[in-house]
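Trainee: Residue 1 is where the sequence shown starts when you use the working numbering, and the numbers rise one by one after that. Think of the CB as a built atom: it goes at the ideal place given N, C-alpha and C, for glycine as much as any other residue.
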Amino acid sequence: MERKNRIYLDNAATTFVFEEILNQMPEIFTELYANPNSIYSDAQVARQIIEKSRENISDIIGVSPDEIIFTSCATESNNTVIRGLAERYPEKKKVLISPIEHKSVLNPTRFLSKRGFNVELLKMDRNGIVDIDDLKRRIDKDTLFVSVIHGNNETGVLQDINQIGRICKEKGVFFFSDTVQSFMREEIDPNFTDFFSVSGHKIGTPKGVGLLYKRKDIKIEPLLFGGGQERGLRSGTENTQFIKFLSDAVKIWDKERGKFLKKLVELRDYFERRIKEEVPEVIIVSEGVKRLPHISCVILPYIDAQTVIISLDRKGIAVSSGSACSSGTPEPSHVLLSYGYTDKEALRAVRISFSFRNSKEEIETVVREIKNLIDNYKTFMSTF
Ligand SMILES: Cc1ncc(COP(=O)(O)O)c(C=O)c1O
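The structure is reproduced here in structure tokens:
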């Protein structure tokens with residue numbers, strides 16, 4: 001399968017596996033297969049690797065090792081917090097979430113609303129920033145938790161989670177933030193959040209590992225019952241290799257962060273400048289506010305995102321849209337509708353997401369191809 005010359009600009013969906021991780025695979029899978037829950041020495045080697053990985057990660061992110069729960073993905077981490085809190089504290093029935101949460105937060109809270117919880121969406125402004133006064137007004141004695149995504153996966157908009165966390169603390173409610181896209185790319189201060197979630201495949205591990213940070217004095221019910229691994233909060237034999245890969249990826253990011261971020265910001269800004277020059281009608285979503293360094297969401301004129309994605313794919317370029325396509329017909333993204341964009345505008349939104357491996361030449365190619373598509377459309381329309 002020859003895919004070498006393709007231009008991959010969908011790094012928020014998932015990204016490449018670090019070479020340092022790929023290179024250790026044959027050995028680590030052949031040598032390290034013992035179940036870490038057994039008592040013989042092979043198993044103890046695996047156990048030590050897991051606990052060393054937990055320590056490495058906790059050192060780097062500034063939490064204590066027993067505040068980390070390894071999971072299979074961030075969807076699992078998000079479900080664990082949301083359902084775990086609701087099961088543990090059923091006497092409180094109100095949950096406040098931002099309207100731009102990822103589906104792995106939205107759908108478990110929808111599940112709670114079927115179980116008698118009152119799930120309310122917080123107000124946000126036209127730039128996608130949660131309205132802090134609205135948050136303060138809406139928290140009351142019945143509120144169990146607040147969930148606000150740190151860096152949105154479609155538009156990259158960043159919320160001030162320290163401020164939100166401080167308010168939640170003052171008012172005595174739990175605060176959870178989905179930090180999947182911002183983890184290692186932005187500062188996350190664990191003093192202000194009670195829970196945050198992480199996904200390995202967004203930072204260079206294979207798919208299949210994540211973690212949940214949970215402040216140690218908070219009790220929640222587990223999602224899975226079984227052998228009681230991860231201090232009873234995530235039963236199931238631990239994935240020793242992938243947990244080590246997660247620790248390795250965090251170490252690489254920690255060491256190279258300055259270099260990676262500089263490149264990402266350069267690429268994002270370059271793309272946005274060039275697309276505005278070539279396609280002046282473009283709208284850059286959340287342009288004026290603080291955003292993640294690796295995501296740019298653009299609403300293009302005339303052409304829907306599905307057509308853009310398919311046409312770019314034929315030219316060897318992978319990008320994505322925020323729209324869901326479960327029914328065969330694309331649905332406008334709930335995130336962009338919450339911004340106040342119309343269905344038509346939301347269906348024309350294309351997400352370009354960068355890795356530090358991308359280059360300005362690749363960006364030039366994608367901008368040129370988008371411009372060609374739009375020019376062709378205009379020429380075609382002018383013949384009528
Ligand atoms: C913001 C956000 N939260 C959660 C997830 C789910 O992550 P995972 O694929 O590890 O379940 C994603 C993945 O796209 C995401 O972007």
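1. What three-state label does DSSP hand M184 in the structure shown?
2. If you count every other CB in all the chains shown that lies within 10 Å of the CB of N5, and 16 or more means buried, which is it?
3. If you scan the region 56 to 142 from start to end, which runs of the alpha helix (DSSP H) of 4 or more residues do you find wholly inside it?
4. Does at least one heavy atom of ligand 1 sit under 7 Å from the Cβ of V265?
5. Rounded C-beta distance between V105 and D178? I'm assuming under 8 Å.
6. Considering only the alpha carbon of each residue, which of V95, S247, L112 and T237 lies closest to I224?
7. Could you tell me which residues DSSP pairs with G210 in its beta bridges?
8. Could you check what DSSP says for E331 in three-state terms: helix, strand or coil?
9. Leaving out five residues before and five after I303 in sequence, what residues of the same chain have Cβ atoms less than 7 Å from its Cβ?
10. With contact counted as at least three CB pairs below 8 Å, one residue from each stretch, are the region 327 to 336 and the region 150 to 167 in contact?
11. Taking C-beta to C-beta, are L292 and R357 nearer than 8 Å?
12. For V157, does the three-state DSSP call read helix, strand or coil?
13. Indicate the three-state DSSP secondary structure (helix, strand or coil) for D10 in the structure shown.
14. So A349 is in the beta strand (DSSP E); what residue range does that whole segment cover?
15. Quick one: is the Cβ of I203 within less than 7 Å of any heavy atom of ligand 1?
16. Taking a contact to mean a Cβ-Cβ separation below 8 Å, would you say D142 touches K93 in this structure?
17. If we ignore side chains and look at the alpha-carbon of each, how far apart do I28 and E170 end up?
18. Contact check, R215 vs D194 under 8 Å by CB: the rounded distance?
19. Is the closest heavy atom of ligand 1 to the C-beta of Q159 under 7 Å?
20. Looking at L399: is its Cβ nearer than 8 Å to the Cβ of I69?
21. Answer yes or no: the CB of D178 versus the heavy atoms of ligand 1, is any distance below 7 Å?
22. Could you round the C-beta distance between S355 and F16 to whole angstroms and report it? I think they count as a contact, below 8 Å.
23. So does N78 have its beta carbon nearer than 7 Å to some heavy atom of ligand 3?
24. Quick one, which of K344, C73, K259 and D134 has its alpha-carbon nearest I97's?
25. Tell me the residue span of the alpha helix (DSSP H) that contains F380.
26. May I ask you to report which of helix, strand or coil DSSP gives S245?
27. For P36, which residues in the same chain have their Cβ closer than 7 Å to its Cβ, ignoring the five residues on either side in sequence?
28. So E221 and R88 are in contact, right, with Cβ under 8 Å, and what is the actual spacing, rounded?
29. Taking only the alpha-carbon atoms, compute the straight-line gap between D66 and L112 and give it to the nearest angstrom.
30. CA-CA distance, S72 and T379?
31. In the DSSP output, what is S147 paired with across the bridge?
32. Over the uninterrupted alpha helix (DSSP H) stretch that includes V308, give me the two end residues.
33. CB of C73 to nearest heavy atom of ligand 1: below 7 Å?
34. In or out: Y8 buried (at least 16 other Cβ within 10 Å) or exposed?
35. What would DSSP say about R291, mapped onto helix, strand or coil?
Mentor: Taking the geometry as given:
1. coil
2. exposed
3. 74 to 88, 103 to 114 and 132 to 138
4. no
5. 6 Å
6. Per the sequence presented here, residue 224 reads as Leu, with Ile not at that position. The option with the nearest alpha carbon to L224 is T237.
7. T71 and S199
8. strand
9. R348, L373, I374 and Y377
10. yes
11. no
12. strand
13. strand
14. A349 to S353
15. no
16. yes
17. 46 Å
18. 5 Å
19. no
20. With the chain represented from 1 up to 384, any question about residue 399 goes unanswered, as that position is not in the structure.
21. yes
22. 7 Å
23. The ligand content of the structure shown is limited to ligand 1, which means ligand 3 is not among them.
24. D134
25. K360 to S382
26. Per the sequence presented here, residue 245 reads as Phe, with Ser not at that position. Correct three-state label for F245: helix.
27. A43, A46, R47, I50, E238 and T240
28. 5 Å
29. 28 Å
30. 49 Å
31. I97 and F176
32. A305 to R314
33. yes
34. buried
35. strand
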